[in-house]
Amino acid sequence: MRAAQVAALGLVSVLPAHADEMPPWNDSGDVPVPTWMRSVAPNKLDAAIYAEPGKLEARRGSAQLGARLPLYGTRRANGCQGRWLNVGPLAWICSDVADYSGDDPAALLLGVRPWVLPSGDGVWPERPGARSLPPIEPTQQGDDGLPYRYFFAGGDGAYGYANLANALDDAPDQELEQGFAVAAIEEKAEHGEKWIKTKKGRWIALRELVAARPSLFHGELLDGNAPDFAWISADKANVYPTEKPDKTAGTRVRFERVKVYEEKPPATPKGEPMLRISADGDTPAQWMRARDLSRPRLVAPPAEIGGEKASERWIDVDLAQQTLVAYEGTKPVFATLVSTGKGPPKSDTATNPGVHRIWVKIFTTKMDNLAKDDVERHYALEDVPWVQFFDKAIALHGVFWHRDFGHVHSHGCVNLAPLDARWLFAFTGPHLPSGWTAVFPTKLEPGTVIRVR
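Numbering-wise (our numbering), the sequence shown opens with residue 118 and increments by one.
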């Protein structure tokens, strides 16, 4: 490692004086950490991690409660009564919110399902290499891409209790309106019925909840060439024997992927584009209205990353087609359907065109509109997964409450099927280290560019 790289990682003052010294390293003259200490255990929910010790404005991310983070060194600085603990490149946590541990470093994702492995990007057992791509298909039976089991409050609402043993006698600690969603980390039988424990630590009777049934749709990995397919996005999509949409010859099912062999522009001023989905020579031919399909199309990289000379990863969101394509430079590597904002341009519920970089990635976060009074209906969704904010409060994220991909639907964010959201979370930068719940970009690892057009 070059000296400049070492300095950039903030490890200069904790490097060993001799090659045979072993970490963790302390400031000169400071009391050594215990010899049995092997890791750092955050004792606070989403404990803050900073890029530099003592500089609280330089937020780097947050840590999982109970995770075991690696320890590389310590330093005394302002903002921490104890010591700043170096838990990774440009990553410092205060010992006031973390305990010393003799355990080996490891993530501890309480209640997550078996296919969400606590390493790499919080998803797969090994972090993909610089240019390798993670799988998009489910990794095992039952894998729907969600990190937790999710439930909605039923028609009469639901009540949450901090103490399950006294749930029948105590007043509820939480009241959920119909449709409010929670993530479950534990299930238990008590008082003659089943209860689930939410990630927020509240026990709710299962009879008061309705299980979420997320979409199992997912996009397609690409080989670097222009995609030659489209997805059926209409609820009812007719097939025609000619390019004239008059006599029907069948229908196709929504979300079905079809190969596109030819596109014909409108034959008359009042006509519409048609796509041929049958191979050359097939009789009868099969044509469909272009408006009944969502077709991913290739575009040049934005000028902000070098245009045709771009080499970094970036994401393109096509508002007209409701599709997303992921690129490595000029090479397309993934395409899928999305649901963007349903509001008019520049409104609070629109996904507006622009070029931005991801400014924070969060494993899960709460989304609601409870602070607004001028809405027809409030919503509250706990632990929305795979969240990547890029344009202020607009984010890419997974959804478990609708399956309307290929159509505008959201309050402004770019909604993704869970399997797609998980894939993109691993594909983009900055990488979420093992044991972290959120991560901010750095100069060494900037956020991936998202272009909306």
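Think of the CB as a built atom: it goes at the ideal place given N, C-alpha and C, for glycine as much as any other residue.
Please read these numbers as outputs of a predicted model, since none were measured by experiment.
- In this model, D521 and A223 are separated by some 37 Å (Cα to Cα).
- DSSP links D433 through a beta bridge to V442 and R568.
- Approximately 7 Å separates the beta-carbon atoms of L323 and E310; this is inside 8 Å, confirming the contact.
- With contact defined as three or more Cβ pairs closer than 8 Å, the segment 179-191 and the segment 545-555 are in contact.
- Separation of A184 and Y167 (C-alpha to C-alpha, rounded to the nearest whole angstrom) is 17 Å.
- In the three-state reduction of the DSSP assignment, W518 falls in the coil class, being assigned neither a helical nor a strand state.
- Looking at the DSSP output, Q291 sits in a beta bridge with G277.
- Here the alpha carbon of I475 sits roughly 13 Å from the alpha carbon of V569.
- Cβ atoms of L326 and A275 come within 8 Å of each other, at about 6 Å.
- Distances from the CA of A328 to each of T481, G205 and G272 were compared; the closest alpha carbon is that of G272.
- In this structure the segment 505-513 does not lie against the segment 442-452, because fewer than three pairs of beta carbons, one per stretch, are closer than 8 Å.
- With respect to L454, W348 sits close: the two C-beta atoms are nearer than 8 Å.
- Q295 places its beta carbon less than 8 Å from that of A270.
- The Cβ atoms of A351 and P358 do not sit closer than 8 Å to each other.
- When the beta-carbon positions are compared, K478 and L498 stay at least 8 Å from each other.
- In the structure shown, the three-state DSSP call for F268 is strand.
- For D508, there is no enclosing alpha helix (DSSP H); the residue is part of the beta strand (DSSP E) that begins and ends at A497 to D508.
- Secondary structure of L415 (DSSP, three-state): coil.
- P382 counts as exposed, since fewer than 16 other beta carbons sit within 10 angstroms of its beta carbon.
- In the assembly as shown, D433 is a buried residue. Its beta-carbon has 16 or more other beta-carbons within 10 Å.
- Using a Cβ-Cβ distance cut-off of 8 Å, the segment 410-425 and the segment 210-217 are not in contact, since fewer than three pairs of beta carbons, one from each stretch, lie closer than that value.
- Closest in C-alpha terms to A427, from the list T447, Q438, R408 and L436, comes T447.
- For D465 and I567, the gap between their C-alpha atoms comes out near 19 Å.
- When rounded, the separation of the alpha-carbon atoms in W209 and F557 is 13 Å.
- A distance below 8 Å between beta-carbons, with the five flanking residues on each side excluded, links P547 to the following residues of its chain, in chain order: I475, K478, V556, F557, P558, T559, E562, P563 and G564.
- Bounds of the alpha helix (DSSP H) holding W540 are P535 to F544.
- Around the Cβ of V148, a 10 Å sphere holds fewer than 16 other Cβ atoms; the residue is exposed.
- Listed in chain order, the non-local C-beta contacts of D345 below 7 Å within the same chain comprise K376 and V377, local neighbours out to five positions each way being set aside.
- Listed in chain order, the beta strand (DSSP E) runs fully inside the segment 337-423 are 346-349, 374-376, 379-381, 391-393 and 404-406, counting runs of at least 3 residues.
- P331 is the residue among P331, G259 and L549 whose C-alpha sits nearest the C-alpha of W518.
- If you ignore the 5 residues before and after E380, its C-beta comes within less than 8 Å of the C-beta of P390, M391, L392, R393 and A407, all in its own chain and listed in chain order.
- By the beta-carbon neighbour count (other beta carbons within 10 angstroms, threshold 16), G146 is exposed.
- Between the alpha carbons of V472 and G219 lies a gap of roughly 45 Å.
- By the Cβ neighbour-count rule, A452 is buried, with 16 or more other Cβ atoms within 10 Å of its own.
- Going by beta carbons, G336 and R539 fall outside the 8 Å limit.
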